[in-house]
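Residue numbers (our numbering): 2 to 497.
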């Protein structure tokens, strides 16, 4: 899914004092330290993390002296959240992602108390809440004492409040622009008297500080609306299948958002922004369909056909949408999610097979898309889908022509080929060579080799070559959790 960037940092002057004195001094130093962290983020994660820690500590020092400074509180919270969004940086900090996100949430709440109606603070706090729920879900166990449903409800409320304020600000901006235009046409003088002009230029360069407030644009409105829709999709996943009534309520909010706001905003932004927004709406539709199936509201054929209609009966999207990697990958994700929902009840193996074949078609096309940027991940995904097809073969009711040893051998060979492709492409790229995708693909390839009867020693060899034993155990566990292998196969692999 598209990621929505945080608002820009506060502007700093060219000179930063050695010892901060004023709130502005602390702000300038914090931004400078954060910039150093960003500079080293790609090349040296540990060094980057140290600069981010210094930035946060600087803001803490400033807040100890100036506890009512919104800018200091806002920037501290923003840096803390940014840390959680970079896996390599996050790994440098002790503790789990959940703990880091809880710290970021506490800082955002402090900033929001200082300026309850600040759009940036509202948006960012809602994002942190959403990320925290996702982290709790990924952990599999909730030891926080927090209620994910309540967190998502708060996030939805904050996004709604932010969007309402942004719409008001946007309308006021238009009215103000129209007023200025009318004054210009009427010949009203905009010049200041000499004394007024002097008062604006008497401060020296070192003393000047400007907090630049970005104007609200259609793109701003669209970003917030899409972030809200993503959170509604997240809520659908959390609630299914426990609360069909709540699903209806969420869908009512979502449909109003899509029809009354997002569709209007999309008409006033560029094609890439339209494409991103369309993908968010498609993701919501696919997620709601899955939740509705899990809640028993719709049946399998309805789910399949509605999903196909969502992606193939395009409305409101730019002309090149079908050729974009984002569209192709989102379609594949949705088809794989359908397979997962059906697999839990061993339902409709032929629909599952059909959808997984279509998913492979989408992934193949994605490797050739002009905007494809994640080729190693795409190839690894293709390997995963072949293993999912292998799981379907064992399901009663599948067409006889697909349930045989020859098909099984072909699927294992395909999966091994795709994992090898992921490794080769990643190792040939500086930006991907150190990615976790490489180790994951190597482990999955070794598992496939074992399933194909080529020997189980490959995993042990990987450990000797430097891939940690815990990494191997984690990837094998994830494969079982994602139904790429059975629980019995996992036990056999770990025992070998």
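From the three backbone atoms N, C-alpha and C, an ideal C-beta is built for every residue, glycine too.
- Look at the alpha carbon of residue 315 and the alpha carbon of residue 23, and state the distance between them as a whole number of angstroms. 55 Å
- Task: Identify the continuous alpha helix (DSSP H) that holds residue 492 and give its terminal residues.
- Result: 488–496
- Message: Tell me the rounded alpha-carbon separation between residue 295 and residue 103.
- Response: 30 Å
- With 16 other CB atoms within 10 Å as the buried threshold, where does residue 68 fall? exposed
- residue 279 - DSSP class collapsed to helix/strand/coil: helix
- Item | Proximity winner among 139, 451, 73 and 87, relative to residue 43 (alpha-carbon distances) | 87
- Message: Which of the three DSSP states is assigned to residue 41 in this structure?
- Response: helix
- How should residue 494 be labelled, buried or exposed, when 16 other C-beta atoms within 10 angstroms of its C-beta is the threshold for buried? buried
- Relative to the C-alpha of residue 308, which residue among 354, 289 and 153 is closest? 289
- Query: residue 406 to residue 394, Cα distance in whole Å?
  - Reply: 10 Å
- On a CA-only basis, which of 128, 134, 145 and 119 is nearest residue 165? Give me that one, please. 119
- Verify whether the separation of the beta carbon atoms of residue 56 and residue 31 is less than 8 Å. yes
- Query: Between the Cα of residue 502 and the Cα atoms of 92, 231 and 128, which residue gives the shortest distance?
  - Reply: Here the chain has residues from 2 to 497 only, and residue 502 is not among them.
- Message: Suppose you measure from the CA of residue 62 to the CA of residue 228; what does that come to, to the nearest Å?
- Response: 33 Å
- Message: To the nearest angstrom, how far is the alpha carbon of residue 375 from that of residue 471?
- Response: 26 Å
- Minimum C-alpha distance to residue 420 - residue among 305, 175 and 379: 379
- Task: Over the uninterrupted alpha helix (DSSP H) stretch that includes residue 51, give me the two end residues.
- Result: 46–66
- Task: Find the nearest neighbour of residue 92 within the set 51, 176 and 343, judged by alpha-carbon distance.
- Result: 51
- Query: Pairing CB atoms from the region 343–357 with CB atoms from the region 318–328, are three or more of them under 8 Å?
  - Reply: no
- Contacting residues, own chain, Cβ-Cβ under 6 Å from residue 247 (five flanking each side not counted): 240
- Query: In angstroms, rounded to a whole number, what distance separates the CA positions of residue 98 and residue 338?
  - Reply: 25 Å
- Determine the burial state of residue 181: buried for a count of at least 16 other Cβ atoms within 10 Å of its Cβ, exposed for fewer. exposed
- Give every residue of the same chain whose Cβ lies closer than 8 Å to the Cβ of residue 59, excluding the five residues on either side of it in the sequence, and list them in chain order. 21, 27, 30, 31 and 34
- How far does the alpha helix (DSSP H) with residue 420 in it reach, from first residue to last? 406–428
- Query: Grouping DSSP H, G and I as helix and E and B as strand, with all else coil, what is residue 96?
  - Reply: coil
- Compute every distance between the C-beta of residue 377 and the non-hydrogen atoms of the ligand SAM, then say whether any falls below 7 Å. In the structure shown, the ligand SAM is absent, as is every other ligand, since no ligand is present at all.
- Query: If we count Cβ pairs, one from each stretch, closer than 8 Å, do we get three or more for the region 396–410 versus the region 363–375?
  - Reply: no
- Message: Less than 8 Å between the beta carbons of residue 105 and residue 75, yes or no?
- Response: no
- Roughly how many angstroms separate the alpha carbons of residue 475 and residue 449, rounded to a whole number? 16 Å
- residue 152 and residue 123: beta carbons closer than 8 Å? no
- Query: For residue 271, which of 236, 223, 261 and 299 has the nearest alpha-carbon?
  - Reply: 223
- Task: Take every Cβ of the region 380–400, pair it with every Cβ of the region 437–455, and state whether three or more of those distances are shorter than 8 Å.
- Result: yes
- Quick one, are the C-beta atoms of residue 388 and residue 366 less than 8 Å apart? no
- Query: Do you know how far the Cα of residue 267 is from the Cα of residue 259?
  - Reply: 10 Å
- Task: Please say whether residue 386 and residue 403 have beta carbons closer to each other than 8 Å?
- Result: no
- Item | Among 335, 422, 312 and 354, nearest to residue 368 - alpha-carbon criterion | 422
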